[in-house]
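Student:
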Amino acid sequence: MKTNKVRFMTQAAMIAAVYVVLTFVFAPISFGEVQVRIAEMLTILPIFTPAAVPGLFVGCLIGNITGGAILPDIIFGSIATLVGAVGTWQLRKCPRILAVLPPVIANILIVPFVLRYAYGVVLPIPFLMLTVGIGEVVSCMILGNLLAAVLGRYNGKIFHSVKA
Numbered sequence: 003m004k005t006n007k008v009r010f011m012t013q014a015a016m017i018a019a020v021y022v023v024l025t026f027v028f029a030p031i032s033f034g035e036v037q038v039r040i041a042e043m044l045t046i047l048p049i050f051t052p053a054a055v056p057g058l059f060v061g062c063l064i065g066n067i068t069g070g071a072i073l074p075d076i077i078f079g080s081i082a083t084l085v086g087a088v089g090t091w092q093l094r095k096c097p098r099i100l101a102v103l104p105p106v107i108a109n110i111l112i113v114p115f116v117l118r119y120a121y122g123v124v125l126p127i128p129f130l131m132l133t134v135g136i137g138e139v140v141s142c143m144i145l146g147n148l149l150a151a152v153l154g155r156y157n158g159k160i161f162h163s164v165k166a
């Protein structure tokens, strides 16, 4: 029992750390009106382990803080990733193409309003939804599915069974 808790916390911490590093390394394209946050490819990980849900949330929170985001972005951007991760966990038994949709949809619905009302970006909301959506499709659907295909070859040997 204790081993599972340690494994869960370790996996969550490692996922958070990787998210932060990817956000930092790709900072020039991780923020702004047109963004492809490479770290969002990790939102596929809840299909492998429930530890990814808190890991992604904490990683996004720290990534936004260290990336210089303002408070509304730190809060609502992180919530978008949390909602997406929970959605992916809920759809983990569905075809992968469906499991990657929640982070894309959550970010399309939340991030443009943060850009508009927190940062004062004057572009129309529908255009911001399009630009954020394109970035999320690249990171979650394309890169996330590539990551899942690679991890799937290991048949769960990386993320041993962890119960939420």
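So our numbering is basically just the index in the sequence shown, starting at one, shifted up by 2. C-beta: ideal position from N, C-alpha, C; glycine also. These numbers were taken from a predicted model, which means no experiment stands behind them.
Checking 9 Å against the spacing of the C-beta atoms, do Ile99 and Val134 come in under that value?
Tutor: No, the pair does not count as a contact, with Cβ atoms beyond the cut-off.
Student: Could you spell out where the alpha helix (DSSP H) holding Leu103 opens and where it closes?
Tutor: Looking at the DSSP string, the run of the alpha helix (DSSP H) that includes Leu103 is 103–119.
Student: Can you give the beta carbon distance from Val22 to Thr90, rounded, assuming they're within the 8 Å contact cut?
Tutor: In fact, because the Cβ distance is near 19 Å, the residues do not count as touching under 8 Å.
Student: Where do the N-terminal and C-terminal ends of the alpha helix (DSSP H) with Arg9 fall, by residue?
Tutor: Element bounds for Arg9: 4–27.
Student: So the candidates are Asn66, Cys96, Phe115; which of them puts its Cα closest to the Cα of Phe129?
Tutor: Here the closest residue by C-alpha is Phe115.
Student: Tell me whether Pro48 sits in a helix, a strand or coil according to DSSP, three-state version.
Tutor: Of the three classes helix, strand and coil, the one that applies to Pro48 here is helix, per DSSP.
Student: If you check the beta carbons only, do Gly65 and Phe26 fall under 9 Å apart?
Tutor: Contact: yes.
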